[in-house]
Amino acid sequence: MRRAGTGFGNGRLFRFTAALLAAAMLTAGCGGAGGGTGGARTNGPEAGGGDGSAADGRPVVVTSIYPLYFLASGIGGALADVANLVPAGVEPHDWTPKSRDLARIAGADLFLVTGTGFEGWTDELLEGIGADAGVLIAEAGAGIELIPLEPDAGAHGRDHEQGGHRNGHGHEGAVDPHIWVSPKSMLKMAENVRDALIRVDPEHADAYEANHRALAGRLEALDQAYERGLSGLSRRDIVVSHRAFAYLCRDYGLNQIAVMGLNPEEEPKAQDLKRIVAFVRENGIRYIFFEELVSDRLARTLAEEAGAETLVLNPVEGLTPEQEAAGEDFVTIMEKNLQNLIKALQ
């Protein structure tokens, strides 16, 4: 494995050969069952070919999940050809790369991942790194203080102001990978994405800097709205469908009580559900939050049992096709999240 520069703080940059990437990706693509059509693009045309650049010479950027696509497309603008791997409407926890995604990544100049272990399929990919020049992999989460999980973290987990370190995903000592579900984290991630784009396309550094300033302005305004909107509320507990909001809670002084663990498809235990119903009743919780890319059946059942109602709290892991068609993006969805949080916590 060869480290490619030090311009990303504590993050890691890797270069690997297309041949080794092909072997790793084909193994992952044949072994897992993902949702939807593998490799469908969010908000744009097909990515460039295998020569590492788009047909018009722009750098090709591939992102692992929607929040990274939002950052890369906003900062890259018209200068970069940006593609997202996970299709609109597909829960990324359910998705694994297919063989067609091989061509996208192998033909890119830059591949953006979170660096938190959220994309479990990248572990096998990174094991096949070679020393030859190729695609640059950048971790957008570099420099963010990660939140460690307790050994028994899962359903009915309660998170608030904590800090942590990177150490895997889904095991004892692991970290919560959902870093983007906080405007404060996204501001740091935007810096890392800007630096990665400049790394692969230094000729347009000034334009990437300008685009970053504009996008950071939107994220800063969002952060300030969360600070103002949540600071004066006496209620601080939110009951959520899955354990995706620890960074939001840490950064804005909330506590999450999760029905399920890190994966929204996990099956909660009966005793956990009973404890959550009791918690909702005893603490006067008026709303149980659910999200749009997974079924709301369990949240509605719990709410009915506890005498509460339901509201959407979107972890922005991806867009629905309807949101995509309506021009929604990370900021507009997080603005709606804020309004629902205020409604629930008043």
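Counting from 1 along the sequence shown, just add 16 to a position and that's the residue number in this note's numbering.
The C-beta atom is built at its ideal place from N, Cα and C for all residues, glycine as well.
Counting along the chain, the unbroken alpha helix (DSSP H) around S89 starts and ends at Y82 to G92. At the C-beta level, G343 and Y82 stay beyond 7 Å of one another. For the 7 Å CB-CB criterion, A324 and I301 form a contact.
Contact between the region 105-119 and the region 87-94 is absent: fewer than three C-beta pairs spanning the two stretches fall below 8 Å.
Taking every protein chain shown into account, the CB of D211 has 16 or more other CB atoms within 10 angstroms, so this residue is buried.
In terms of Cα proximity to Q362, the closest of Q339, M202, P199 and G245 is G245. The beta carbon of T326 sits closer than 6 Å to those of I304, F306, A315, R316 and A319, all from its chain and outside the five residues before and after it, given in chain order. For D97, the uninterrupted beta strand (DSSP E) segment begins and ends at D97 to N100.
For secondary structure counted as the alpha helix (DSSP H) over 4 or more consecutive residues, the region 250-337 holds these complete runs in sequence order: 262-268, 286-298 and 313-322. Annotation for A154: no alpha helix (DSSP H) segment contains it, though the beta strand (DSSP E) segment containing it runs V151 to E155.
Cβ neighbours of D312 within its own chain (closer than 7 Å, five residues either side excluded): F306 and T326. Three or more Cβ pairs closer than 8 Å define a contact, and the region 240-255 meets that threshold against the region 349-361. Straight-line measurement puts the Cα of K352 at about 27 Å from the Cα of L289.
Beta bridge pairing from DSSP links V191 with P164. Pairing P164 with E219, the inter-Cα distance amounts to about 39 Å.
Residue environment for D72: exposed (fewer than 16 other C-beta atoms within 10 angstroms of its C-beta). A straight line joining the alpha-carbon of E236 with that of I195 spans about 16 Å. In the DSSP assignment, T79 is bridged to N100 and L128.
Separation of I254 and P331 (C-alpha to C-alpha, rounded to the nearest whole angstrom) is 13 Å.
Within the same chain, and ignoring the five residues on either side of F86 in sequence, the residues whose Cβ sits closer than 7 Å to its Cβ are D345 and F346. When secondary structure is reduced to three states using DSSP, E344 falls in the coil class, being assigned neither helix nor strand. In the three-state DSSP reduction, R74 falls in the coil class, being neither helix nor strand.
T112 sits in coil when the DSSP states are folded into three classes, being neither helix nor strand. Per the C-alpha coordinates, the member of E107, D97, G131 and E166 positioned closest to A262 is E166. Counting C-beta atoms within 10 angstroms of its own C-beta, Q287 has fewer than 16 neighbours from the protein chains shown and is therefore classed as exposed. Non-local C-beta neighbours of T138 in its own chain, meaning closer than 6 Å and more than five positions away in sequence, comprise V129, ordered along the chain. Taken atom to atom, the span from the alpha-carbon of L203 to that of T79 is near 17 Å. DSSP places E243 in the uninterrupted alpha helix (DSSP H) bounded by A221 to S247. Within the same chain, and ignoring the five residues on either side of R251 in sequence, the residues whose Cβ sits closer than 7 Å to its Cβ are L361.
Rounded to the nearest angstrom, the Cβ distance from A119 to V76 is 11 Å, too far for a contact under 8 Å. Of the residues A156, R259 and A88, the one whose Cα lies closest to the Cα of A99 is A88. In the three-state reduction of the DSSP assignment, Q362 falls in the coil class. Residue nearest to V191 within the set L162, A158, E207 and R229 is L162 (criterion: CA-CA distance). The C-beta of D222 has fewer than 16 other C-beta atoms within 10 Å across all chains shown, which makes the residue exposed.
Ranked by how close their Cα comes to the Cα of R259, the residues T348, K200 and L329 have L329 in first place.
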